[in-house]
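**Q** Submitted below is the structure of interest, expressed as structure tokens.
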Amino acid sequence: MLTLFHSPGTCSLGIHCLLEEVGAPYELRLVDVTKGQQHSPDFVAVNPKSKVPALNREQGGLLTEWPAIATFLALTHPESHLLPSDPEGVARALESVDYVVASLHMQGFTRIFKPDHFSPNEADHPAIREKGRQIFEKGLASFDEKLGAHAYLGGDQPTIADFALFYIEFWRVMRMKIELPANLAGHFARMKQRPAVARALSQEGFA
Ligand SMILES: N[C@@H](CCC(=O)N[C@@H](CS)C(=O)NCC(=O)O)C(=O)O
Numbered sequence: 087m088l089t090l091f092h093s094p095g096t097c098s099l100g101i102h103c104l105l106e107e108v109g110a111p112y113e114l115r116l117v118d119v120t121k122g123q124q125h126s127p128d129f130v131a132v133n134p135k136s137k138v139p140a141l142n143r144e145q146g147g148l149l150t151e152w153p154a155i156a157t158f159l160a161l162t163h164p165e166s167h168l169l170p171s172d173p174e175g176v177a178r179a180l181e182s183v184d185y186v187v188a189s190l191h192m193q194g195f196t197r198i199f200k201p202d203h204f205s206p207n208e209a210d211h212p213a214i215r216e217k218g219r220q221i222f223e224k225g226l227a228s229f230d231e232k233l234g235a236h237a238y239l240g241g242d243q244p245t246i247a248d249f250a251l252f253y254i255e256f257w258r259v260m261r262m263k264i265e266l267p268a269n270l271a272g273h274f275a276r277m278k279q280r281p282a283v284a285r286a287l288s289q290e291g292f293a
């Protein structure tokens, strides 16, 4: 049995959706980051990085970092086709995952909502937030253009990259309360219509 350590509405939502998508038996363990539970001794004993998502795989031990967990789920469930079979397709999917996680999330969104992670000096925070907004907006515009008229980033079939993009879209709509550009709005709606995504959203209290 897999165990996902998660916090509702955070980036772990994307992994939660993927677990539903692949149909693997799993259980959820709540680590509410809004209450600082990522720093509790019990969770730090499990994941010294104090971050979600973290996936415990019993025999395989704990796996952290969104791209690694998503890749693991895709490769262990090939029937779900969450990674393409050709080298170019795999590389393109990983390229998009990395852009979402390393840039839009860690460099953009984190600057906007946690400027104190970048400077303890409050006077610096407006400029840090502005830089974060620029990174985030540039990324969204890039994905909107890449998506174009396609249903998913790679074409007709969603890959792990679409689930990474989904959690960013979710933040933009649900946390920032700003509409998405047209192509991303269509993608967000399409993702939410997937039964697996709807189940994960409902389990996290967002139905
Ligand atoms: N690089 C990590 C980022 C994980 C991350 O930043 N998770 C956030 C939630 S979206 C978290 O645990 N924040 C708690 C904290 O930073 O204290 C990954 O790819 O999984």
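Mapping the sequence shown onto my numbering, position 9 (from 1) lands on 95, and the numbers just tick up by one. Heads up, the beta-carbon is just placed ideally off N, CA and C, and yes, glycines get one too. Predicted model only: the values in this text are computed from it and were never measured.
Have a look at the DSSP bridge pairing and note the partners of THR89.
**A** The partner list for THR89 (beta bridge, DSSP) reads GLU113 and ASN142.
**Q** For GLY241, does the three-state DSSP call read helix, strand or coil?
**A** Of the three classes helix, strand and coil, the one that applies to GLY241 here is strand, per DSSP.
**Q** Given 6 Å as the limit, tell me if CYS97 has its C-beta closer than that to any heavy atom belonging to ligand 1.
**A** For CYS97, the distance from the CB to the nearest heavy atom of ligand 1 is below 6 Å.
**Q** So what does LEU149 bridge to, in DSSP terms?
**A** LEU141
**Q** On the three-state DSSP scale, how would you describe LYS263?
**A** coil
**Q** Less than 8 Å between C-beta atoms, sequence neighbours within five positions excluded: which residues of the same chain meet that for PHE274?
**A** PHE252, GLU255, PHE256, VAL259 and LEU266
**Q** Which of the three DSSP states, helix, strand or coil, is assigned to ASN269?
**A** ASN269 falls in the helix class under three-state DSSP.
**Q** Measure the C-alpha to C-alpha separation of ARG280 and LEU141 and round it to an integer number of angstroms.
**A** 22 Å
**Q** Hey, would you say the C-beta of GLN124 is under 6 Å away from at least one heavy atom of ligand 1?
**A** yes
**Q** Once you ignore the five residues that flank LEU99 on each side, which residues in its own chain have a CB closer than 7 Å to its CB?
**A** The answer, listed in chain order, is TYR253, PHE256, ALA286 and GLU290.
**Q** Assuming contact is defined by CB atoms lying nearer than 7 Å, are VAL320 and HIS92 in contact in what I supplied?
**A** This structure cannot settle anything about residue 320, because the visible part of the chain is limited to 87 through 293.
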